[in-house]
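Trainee:
In the working numbering, the protein residues as written are 5 to 199.
(1) How many whole angstroms separate the CB atoms of residue 154 and residue 181, which I take to be in contact at a CB cut-off of 8 Å?
(2) Near residue 183, which residues of its chain fall below 8 Å by C-beta distance, leaving aside the five closest residues on each side in sequence?
(3) Counting only the same chain and skipping the five closest in sequence on each side, list residues whose C-beta sits under 6 Å from that of residue 99.
(4) In this structure, does DSSP put residue 95 in helix, strand or coil?
(5) Per DSSP, what kind of secondary structure is residue 199 in: helix, strand or coil?
(6) Going along the chain, which residues of its own chain have a beta-carbon closer than 6 Å to the beta-carbon of residue 141, five neighbours each way excluded?
(7) From what residue to what residue does the alpha helix (DSSP H) around residue 163 run?
(8) So, for residue 27: in the same chain, excluding its five sequence neighbours on each side, which residues have a beta-carbon less than 7 Å away from its beta-carbon?
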């Protein structure tokens with residue numbers, strides 16, 4: 005059974021977190037725009053940081069002061085990604101922003117991290133008909149995502165949390181913890197520095 009038409013565009017459905025069709029012409033054009041900017045960013049000279057910053061500012065919804073992303077970068081749309089100040093993403097970030105991705109200030113993102121907002125229906129008929137949806141991801145201030153971390157749709161990670169390399173984050177993580185594994189589990193609390 006397919007979703008009933010309700011007068012909203014596929015983009016409006018997508019942004020509301022409802023089922024939508026990704027091959028909609030408006031969404032396809034937005035995706036092509038993002039791919040053009042990503043290609044330009046990924047092939048930009050390392051010695052031209054001003055141009056790289058300009059491209060990121062055009063691609064992303066927001067990028068904070070002194071934030072750096074090292075290519076290659078991959079996104080769906082870019083415009084649904086907001087990154088705070090002084091954050092750093094190392095080589096190979098994949099941020100599929102069908103739903104909003106919010107990254108706080110002072111976040112450290114290791115190599116080959118994946119932030120994945122898309123979801124697909126369990127119902128095989130809906131999936132065959134190419135319906136999909138998405139849930140937002142939120143990364144708090146001063147989080148460190150180790151290399152190869154995968155963060156799945158709908159996850160919020162609290163401030164100061166460290167996620168070990170290769171972990172798969174399937175549900176929310178509180179602030180001030182270390183989490184590792186697949187699925188990621190909290191293994192200890194981070195005590196504030198009392199010195």
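Every residue, glycine too, gets a C-beta built ideally from N, C-alpha and C.
Mentor: Once the coordinates are examined:
(1) The pair is not a contact, with the Cβ atoms about 18 Å apart (cut-off 8 Å).
(2) Cβ within range, chain order: 165, 166, 167, 168, 171, 173, 177, 189, 190, 191.
(3) 79, 85, 105, 119
(4) coil
(5) At residue 199 the pLDDT is 41, less than 50, meaning the model places this residue with poor confidence; the figure from the coordinates comes in the next sentence. Residue state, collapsed to three classes: coil.
(6) Correct list, in chain order: 105, 119, 121, 155, 159.
(7) No alpha helix (DSSP H) contains residue 163, which DSSP labels as neither H nor E.
(8) 134
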